[in-house]
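Below: one structure, written as structure tokens.
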Amino acid sequence: MDVLYFAWVRERIGLPKERVETRAATVSELVAELSAREERYALAFSDLTALRVALDQELSDFDAPLEGVREVAFFPPMTGG
1 MDVLYFAWVR ERIGLPKERV ETRAATVSEL VAELSAREER YALAFSDLTA
51 LRVALDQELS DFDAPLEGVR EVAFFPPMTG G
């Protein structure tokens with residue numbers, strides 16, 4: 001699946017996008033896998049309350065299943081204005 005990073009998440013990880021092979025069943029499990037890779041991932045995902053996630057361009061939750069998902073995007077909360 002494709003994993004996309006936006007704003008400061010991209011800055012901390014150093015990539016805008018990457019292709020990931022995973023056995024994770026949920027977004028939370030994917031975050032745990034990514035965090036275990038390197039310190040830069042662990043830092044980016046250290047506070048999940050400061051992150052939002054979208055699955056195939058639909059806003060979702062960290063406990064959402066990944067079955068059939070082609071794209072996961074991580075980004076900070078948006079503010080209107």
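First residue of the sequence shown? That's 1 in UniProt numbering, and the numbers climb one at a time after it.
Beta carbons are placed, not taken as given, at the ideal position from N, Cα and C, and that holds for glycine.
DSSP three-state assignment for residue i, whether helix, strand or coil
i          : result
residue 3  : strand
residue 46 : coil
residue 58 : strand
residue 32 : helix
residue 27 : helix
residue 19 : strand
residue 72 : strand
7 Å Cβ cutoff met for residue i and residue j
i          : j          : result
residue 33 : residue 49 : no
residue 47 : residue 19 : no
residue 53 : residue 27 : yes
residue 37 : residue 12 : no
Assigned exposure category for residue i - 16 Cβ within 10 Å defines buried
i          : result
residue 31 : buried
residue 55 : buried
residue 44 : buried
residue 59 : exposed
Nearest-angstrom Cβ-Cβ length linking residue i and residue j, presumed shorter than 8 Å
i          : j          : result
residue 62 : residue 9  : Between residue 9 and residue 62 the Cβ distance is about 14 Å, and since that is not below 8 Å, they are no contact.
residue 7  : residue 76 : 5 Å
residue 4  : residue 71 : 7 Å
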